[in-house]
Every structure is written in structure tokens, then in C-alpha cells.
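Read top to bottom, the protein sequences are chains S and R. Mapping of the first sequence onto numbering that gives the first Met the number 0: position 181 corresponds to residue 180, and the numbering continues sequentially without gaps. Mapping of the second sequence onto numbering that gives the first Met the number 0: position 83 corresponds to residue 82, and the numbering continues sequentially without gaps. Backbone N, C-alpha and C fix where the C-beta goes; we use that ideal spot for every residue, glycine too. Take a look at the structure below.
Number of protein chains: 2
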Amino acid sequence: MSDQTPMRTGGRAARRAARSSKLADHLRPVRPGLKGGQYRPLSQLDMERIHEAALTALAQIGLADAPPSGRAYLTEAGAVLGEDGRLRFPRALVEDTLARANREITLHGRDPAHDLELSGTRVHYGTAGAAVHLVDAEGRNYRECGVQDLHDAARICEQLDNIHFVQRPMVCRDIPDNLEMDLNTIYACCSGTRKHVGVSFTEPGFVKHGLALLHMIAGGEDKWRERPFVSNSNCFVVPPMRFATEACQVMEEVIKGGMPVLLLSAGMAGATAPSTIAGAITQAVAECLAGLVYVNAVKPGHPAVVGTWPFGLDLRSGAMTGGSGEQALLTAGCAQMHKFYDLPGGAAAGIADSKLPDMQAGWEQMCSNVMAGLSGLNMVYEAAGMHASLLGFCHESLILGDDLIGQALRCVRGIEVNDETLALDQMRAVCMGGPGHYLGTEQTLGRMQVDHVYPALGDRTSPKEWQERGKPDLIERARARKEEILGQPSTARLPEEVDRAIRERFNIHLPG
Amino acid sequence: MSDQTPMRTGGRAARRAARSSKLADHLRPVRPGLKGGQYRPLSQLDMERIHEAALTALAQIGLADAPPSGRAYLTEAGAVLGEDGRLRFPRALVEDTLARANREITLHGRDPAHDLELSGTRVHYGTAGAAVHLVDAEGRNYRECGVQDLHDAARICEQLDNIHFVQRPMVCRDIPDNLEMDLNTIYACCSGTRKHVGVSFTEPGFVKHGLALLHMIAGGEDKWRERPFVSNSNCFVVPPMRFATEACQVMEEVIKGGMPVLLLSAGMAGATAPSTIAGAITQAVAECLAGLVYVNAVKPGHPAVVGTWPFGLDLRSGAMTGGSGEQALLTAGCAQMHKFYDLPGGAAAGIADSKLPDMQAGWEQMCSNVMAGLSGLNMVYEAAGMHASLLGFCHESLILGDDLIGQALRCVRGIEVNDETLALDQMRAVCMGGPGHYLGTEQTLGRMQVDHVYPALGDRTSPKEWQERGKPDLIERARARKEEILGQPSTARLPEEVDRAIRERFNIHLPG
């Protein structure tokens, strides 16, 4: 059948019209929180061995460099401080923490419609990272990124159905003062999107200022604490097996401020973590379990995302690589370990090593994104827009990532098997005395939208139609979409009086 | 760590030198026949329901349009011819066939090093299809493809480690006579590669000529029958549930000639198959089981690949789409059904809807390719080079597909968990009194090649290095590699006297 031929006379226009009306949420083919877990790279025995090795590492090796406050929390909880300054975690302490930790957490959006329920194998995709370059896709150029780029990214994410949260993907390189940078990062993200936002405080002393800003956005501390819509990404560990002293102090502050934490262990397999996939996962699990003990020692049940984020390394050059098959396995294996513990977890996927949104970027981003989703990862961080092994962020790629992730989500949704979908009745009716095809059956027409994900920018035309349309270029179309989004006023902007009050108190770099 | 910094002084050159020497096959990080199966989109109950529905369809609906010879074979075997002309398959007949069918088949290469052992969840990737256009990637153009393009594709495949077989991916549009086209297809493929080749005869009467040619290439009928290095792709069915009369006659001929068959059922979900994924799989399974009964009725135990190839349809336009998540699920679900029956199976993956090897093509090709591999599909057909929903084939994309599939294969290989890979000893040594990193450990250096897949053309440089190198373009690099390969004499060319004899007997269109 040629794609010049409508399925039945007159049907095409009707179908296109039907499709242009927005579907009710429960009828959408994909949505946040679909359940993965159909892909299991590790056997039960594999997971038990990783768990045992992690417990042994915590009991025998432990972690160095906890801040004095952390030592106090942790020894009080049952950790043992050795003469070598390392805190060791007896098996019972870890098991006890695992038994009591918060298993079902909500990451709130500023708009409750964007709340993320983290439990089981529910999958969510979003941005993250600390890119230092903005990628100009059409100009094939890298330049330093700034606060406007970050705000634009948040505004684009706000319009993309398959980007479920917005952890800041790039650093405001145009704000040299770190406190101002942290505050403007919050402002740039929160005024661009009502989805859940992730930030990362540079110093413990900055947290109170950040909280003051968040209280203003929320409309008061009580409202903030009721629905904290920003989480803090805590690189609480310097792998291998050392606490990041200052980041731990930040963590203590944000916990007190009611902010959910992402316990991020970002070892590099072959450098700061073992080069083997199983070893890198084991170390990340050990480190994150230590972090979980820490969080629960500060405040039992505080919402924490287990962030086992081991990264791959190209051992030929010693450079980081995030686009590899090894990376996809690292992330999928970690997702399975989260489920082994039944804890909310996140890891990195969707990273391209490619500098541009080209074919390489496409295969790299899909490989780890779809495997992360199929393995049931709750939070797939860095899922869109990331290039050059995390050094560059690209707005056009982010927009294309929405199509890519929509497809990955369709795969996560999987195959429904029931009497209707098995379609034996249809088959009988169609083949025996029927039309000999399924084009007009009720099920074909009725499930056209609810079963199928249609790409927004991905091109499915025939070569003939494609030529007639002037051979549209994917990147150009993404750029046009970006301009369309950024040409509209932000739908997430803060109320005028709130914005004014914030600008009076803080040095906001974005124009009002 | 910047990728400007070698992992240790003097180590980089040594590592690069070590890497440039070819690895022994058993030390290569990926190879043909790696075992998949870690991804299971269907539960055991799902599979049993699909099996039951397929058996019911075969018993109650059956298949129309068998040729007289097929009716004879099948009724003799136990099928029942109805007054409506449909052949119905009693449950016992199908179960009996399933019990006796050939479960472990070898698809031979002309070079035994390329033999493919099809059993269990062993995964192989290769080309296939019937594209009518060659895609000029740099010129962004589609033109009709010919025999030289096909030969070039075979020669390129011969040099790509991760393309394990060469089913003809495009049609020789420059040879109007169908018999000449079929014979030249065999010649163009077999003189370009020593890997297993797939072709598809147009008419039953052509088979004897093709066999004559193959006997000459093999060095005699006995040698051919000992190691048949070409299989026939048999579209034996016109979905839904009708035998393709002439293709069935072709099938009977090739079976007699000792040629393995691919039992190909290519329904389009929503047109010639139910629109639901489960329904399309069910119908494909039913059709292929009928085909399997047929093959075994002609010659018990004859090597057959169960080719459940349901394709996706974009229901908005009625056009075929092969790059979707739905397609990846169709293929992965089929792979699981093959394993349910423990039969050698194949399906389509790696299809791009995109017209060019761009980011969309990358994500489309990776999505279904990696899911097909993880689901343990024995033969992943159409895995590289396919664009425009199978209408276009692209040499540059084929070359990039080698990197893409290498990465997918790394994912299929999975995560090894044992005492060495858990790396607890390394962790202990590194953290307690050791260097605090894993860069120089024996395991890191020793496993650098055997654990990691390095892309040939995929770019992992830093933005700085990329700029210094003049921002290399992926497609340009693929084109340069193509010219390098095609600039060398074919390593698969036939012995001169054989070639001369073939050219005396047949009208070979390729220049000698």
C-alpha cells in the first residue's frame, strides 16, 4: 500500500482531524509513570551477589571524608569510625535502613498535573546534567551556555509531553558568582516550567537563600513544605568510597529545608569505579546505600532517589563516554538493583557522545533510553539534549528527544494480550466472507490513537512525498519548533507580584 | 577527566597499538551468535494465549489459495480441505510438526568462518529487503537502484564485522527480465561476500537455473548440498491467511534443491493483519506454523527459519512504518514466540522511516535492533541500511549500521557477574592504601579490549578535539569508508575459471 492512498475514501481527513484534538490523559498512548521491568539484564542470583558484595564493601572498606556533622549522625545511627578515618557500615545498619526507607515518594510539580509518583517500575524521563556548552546544531558550533539558554530549555521542556521533569541540564556560565548562579538557576527553571525541577547547590551556605526564593515562589514556607517542587541533586560521594564533604553538608541543609534529594554517585568505570559493569554497579550501590543511611540518620523517611549513576569511560583515551552499549548496561543494571531493594531510583541515559544531533546521536540516545525504560528505571536523567559526553546541551536535540522518548515510552508500555487484542474474532470475520483486510474494522479505527505514538517531527512520508515537500531537514524543523515555542510567552511564568518581589530581593539576571 | 589526558604517562600509544592488532575471535567483545533473551515483553501466559489463538485460527479459519501440489502435500499430512477451498490444520497436525521440526539449523557461509548456528536465543544481524531506491546520503537524493549497487552493498557487508549475513536488500531495477534479475542477484551477492546470502526467486521455473548457477559457484551439486550458502526468502503467504500460490511453488522447488527457506509472513498491522500488536503476532504465528507444516510435509526436517515479520502501519496515512516503537514490539514479541516453540526464527528490525541517515534514522534503527537482540531473535533481518520504510537502501547508512549493531550486540552480551567482575578485591586495594583510582589496575588494562566495543566511525572526541579536527561529519566519514572498501578488489570474488564459465552460460550484467 502506498502512503499516497488513504485507508478508505474520505477517511484520511477525518482521521487527521480526530487526531488534532488533544486526547484525554487516560487515553494517551504513553504518559509518565508507565511500568517497565520487562528487560532484566541481571538474574536474581546476580542481584544477590551484587548486594552481598556491596554490603561487604560497606562493612569492610567503608567511606572516608564524612564531615563532622555526618560522622555524628552516622556513628549515632550505628556506623563505626575506624582509626583510618573511614566510616564502616555494619550489615544490620544497612538492612535496617533498607527496611525503613521511604519506598514511594512523590516528586511534585509546581502544577500538580505534573507530579511524579516514584514507586515500583514506574518510568519517567527528564533532563539533567551540567553542560558547559550550548550546541548550535545548524551552525555546527559550541559556545559557552548561559542563564537564558537554561531558561529556554525549561520553557521548551514545558511544552514537550515526554519530558516529565526538568533537572537543570546546563550551568549558567555567564554568572560568575556561585550564589547568584544557584539562585538564578532556580529562577530560570521555575519560571520556565511547572514540571518538577532539579537543581544542585554549590555550597551549604547557599541553601537558606535558595529556600527563601522557593518559599516566595510557593507562596510561603508551609506551601513549599507541603509540595516541594524542586529537588536537590547531591553528589554526596567522590568515588571510590569517599564522602564529598561539602556536598554532604549541602545535603543536610536541604533535608532540613524539606527538599527531596537525589543521592548521586557518579563513578567512572575504569577510573573512579571498577572497569567492569558488575563492579561499577556494585560500588555505586554500596555508595548509595551509605547515602541512604546518611539521609535516614538525618531525617527518617526523607524522600531520596537512589542515584546510582556510573558512567562509561573510553579506555583507549581515558575520556568519558555516555553513548555506549556499556553505558546502557550500567544504567539498566542499576535500575534492576533499585527494584531489588524496592527503592525509588534514577540513573543516566540518553547521553550522546556525538557533538551534533546526527545519526550517531540518535542511536546513542535511543539505546540507553529505551533500555532504561524497559528495565523500569523510575527517573531517567539526562534523557534528552545531551551531547559531547555531557559537555554540550542542544535545544534542537531536546525537541527531537521528545519524539525519541515518546517511542521509548511506547516500548515500555509493551504488548497488551487479551481477547480483544488477540483479535481472533476480527481475524475470523475478515478472512471468512469478510473484506480480506482490517482497514475499516472497528478495532483498527478505534485504537488508532490510543495504541499508537505518532512522532511530531519524525518524518514518515514516502520518498515521493518527501521530494514534493522539498526534502525537509530534521534539524531545521526542530529549530522552527524551538522558535515557535520561544516566540510564545512562557506559560509557566510567575505571578507578576511574586516576580517583582523576587527581583527586589535577588539579583535576577533574566530580563523581566 | 579530559580526553586530552592519557590514563597514565606513555600508556596511550601502547594501548592504541595493542588495539590496532586484530583480536582473536574468542577475545572479541562481540561476535555472531551472542545469546539474548534478557528482554521478555510477553509473559508465559501471554505466549500461551497467543499460541492457543494461533492454533484456533489454523483449525477454524485455515488458509486459502494453496497450489494443487501444496493441497496434495498438506491433505496427505492431515490438513482438511474445506468446501470453501480453505485448508484447515487440526491441532494435532500442528503439534506433531512442532515436535518434529528442525530446531537447530546452520546457515552456511561460502566461507565456513561465516556459518551461522541458529538455535536458542543466539542472535545474528544482517541485511534484507527489496528496496527500489539507492539513497545518495550526501546529495540527499533517491534514485532507482541497480545490480552494481547490490554488488557494492555485498562487498561492503563483507568488510563489516557486525553484519553477519547478506540477504539481498534491494532489487536490480536495471534488469527488466525477471529470470536474469534473479540470476544476477545471486551472482552480485555471492561475488561480493562469502557470508550467508539470501535471495528470493520470482517464479518457480527460475529455481532450476538458479541452482545451476549455485552448483557452479559451489564446485558441484554435491558441494552445494553439503553446505548450501544461499537461502530463499519465501513470501509463502498473502496475509491474512492465504497462501501465495506461486511463492509456494517456488518453495517446493527450492526445498527439493536443498536450499534453506525463510518462511516469511509480512502482514501489515492494521491492513493485512490486526492493528493490535498481539493480534498481528498471533496471525503471523498462525501463518508461519502453516508454512512449517507445509515445509515438513514436503521434506521432513528441512531447514526453515520461522519468519514472522509483521510490519507497522501509520494509521493516520495508511502508509507502512518500520521505525516505530510498535514495530520494535512486534518484532520482539515474535522473537519470544520463536523461543516459546524453540524454533529458529527471524523478523525485521533496524528499519528507518527517515529518508536519510539522520538523527531520526539513528533512533529508529537502534530501537528495534537492540530490542530484537535483547529478545533473542536468531535472525535480525533488514538490520542495516534501510530507509524510507524499506523503499530506500543507503550504503553510508549500512556502514554506520556496523557501529550501531556493534553497540546493540554489546548490550545483548549483557552483564557478567562473577568474583572477578564484582571487583571487591580491586575496590579494597584501591580504596585502602591504594591509589584511589582504577586507572592502572590489571583488570582495567586487561579487559580494555575484550569488554568494550569501540565504534569505528562514531565520534567520541571532546568538543575541543573535534574542533581541532575540523568538525568531522559522520556521513562524510562513512562515504570515505565506502570508497576505501570499494576501491580495493573484492575479497570474495569467484575463482577466475568459475567466473568465466558462469559468464559463458549466463548473461551476467556486472562487468568482469
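Range of the contiguous beta strand (DSSP E) that encloses residue i
| i | result |
| --- | --- |
| Tyr453 (chain S) | Counting along the chain, Tyr453 (chain S) falls outside any beta strand (DSSP E), and DSSP gives it neither H nor E. |
| Tyr141 (chain R) | 140 to 143 |
| Ser264 (chain R) | 260 to 264 |
| Tyr380 (chain R) | 378 to 380 |
| Gly345 (chain R) | 345 to 347 |
Inter-residue spacing [alpha-carbon to alpha-carbon] between residue i and residue j
| i | j | result |
| --- | --- | --- |
| Ile162 (chain S) | Tyr141 (chain S) | 24 angstroms |
| His208 (chain R) | Pro238 (chain R) | 29 angstroms |
| Gly77 (chain R) | Ala52 (chain R) | 20 angstroms |
| Leu26 (chain R) | Pro168 (chain R) | 31 angstroms |
| Gly400 (chain R) | Leu456 (chain S) | 22 angstroms |
| Cys188 (chain R) | Arg154 (chain R) | 8 angstroms |
| Leu373 (chain S) | Ile174 (chain R) | 45 angstroms |
| Asp45 (chain S) | Ala477 (chain S) | 43 angstroms |
| Glu245 (chain R) | Thr420 (chain R) | 55 angstroms |
| Leu314 (chain S) | Phe242 (chain S) | 26 angstroms |
| Arg121 (chain R) | Ala277 (chain S) | 23 angstroms |
| Leu438 (chain R) | Asp402 (chain R) | 26 angstroms |
| Asn417 (chain S) | Pro299 (chain R) | 35 angstroms |
| Phe205 (chain S) | Arg459 (chain S) | 49 angstroms |
| Val79 (chain S) | Ile60 (chain S) | 11 angstroms |
| Cys333 (chain S) | Ile104 (chain R) | 37 angstroms |
| Ala268 (chain S) | Arg48 (chain S) | 19 angstroms |
Below-7 angstroms beta-carbon distance, residue i vs any chain R residue
| i | result |
| --- | --- |
| Lys470 (chain S) | yes |
| Cys144 (chain S) | no |
| Val452 (chain S) | yes |
| Arg14 (chain S) | Unreliable placement is indicated for Arg14 (chain S), whose pLDDT of 49 sits below 50; the coordinate value is still reported in the next sentence. Closer than 7 angstroms to some Cβ of chain R, the Cβ of Arg14 (chain S) qualifies, so yes. |
| Ala327 (chain S) | yes |
| Gly519 (chain S) | This structure leaves residue 519 (chain S) out entirely; chain S is present only between 0 and 511. |
Beta-carbon gap between residue i and residue j smaller than 7 angstroms
| i | j | result |
| --- | --- | --- |
| Arg85 (chain S) | Ala58 (chain S) | no |
| Arg172 (chain S) | Glu143 (chain S) | yes |
| Ala285 (chain S) | Gly266 (chain S) | no |
| Tyr453 (chain R) | Leu97 (chain R) | no |
| Gln158 (chain R) | Ile474 (chain R) | no |
| Ala351 (chain R) | Pro309 (chain R) | no |
| Ala360 (chain S) | Ser353 (chain S) | yes |
| Met250 (chain R) | Leu62 (chain R) | no |
| Pro302 (chain S) | Asn101 (chain S) | yes |
| Ala56 (chain S) | Met431 (chain R) | no |
| Met215 (chain R) | Val304 (chain R) | no |
| Ala347 (chain S) | Glu381 (chain S) | yes |
| Thr184 (chain R) | Val165 (chain R) | no |
| Gly32 (chain R) | Gly375 (chain R) | no |
Residues that residue i bridges to, as DSSP identifies them
| i | result |
| --- | --- |
| Thr320 (chain S) | S:Gly311 |
| Ile104 (chain S) | S:Leu117 |
| Gly197 (chain S) | S:Gln166, S:Ser230 |
| Asp357 (chain R) | S:Asp357 |
CB contact check: residue i to chain S, cutoff 7 angstroms
| i | result |
| --- | --- |
| Tyr124 (chain R) | no |
| Thr275 (chain R) | yes |
| Arg476 (chain R) | no |
| Glu495 (chain R) | no |
| Pro168 (chain R) | no |
| Pro40 (chain R) | yes |
| Thr443 (chain R) | yes |
| Leu314 (chain R) | yes |
| Arg459 (chain R) | yes |
| Ala422 (chain R) | yes |
| Thr330 (chain R) | no |
For residue i, the first and last residue of its enclosing alpha helix (DSSP H)
| i | result |
| --- | --- |
| Gln442 (chain S) | 441 to 445 |
| Ser396 (chain S) | 394 to 412 |
| Leu133 (chain R) | Segment 132 to 135 is the beta strand (DSSP E) holding Leu133 (chain R); no alpha helix (DSSP H) there. |
| Thr460 (chain R) | Careful: Thr460 (chain R) lies outside any alpha helix (DSSP H) and carries neither H nor E. |
Any non-hydrogen atom of the ligand ZN closer than 6 angstroms to residue i Cβ
| i | result |
| --- | --- |
| Met385 (chain S) | Questions concerning the ligand ZN fall outside what the structure shown contains, since it holds no ligand whatsoever. |
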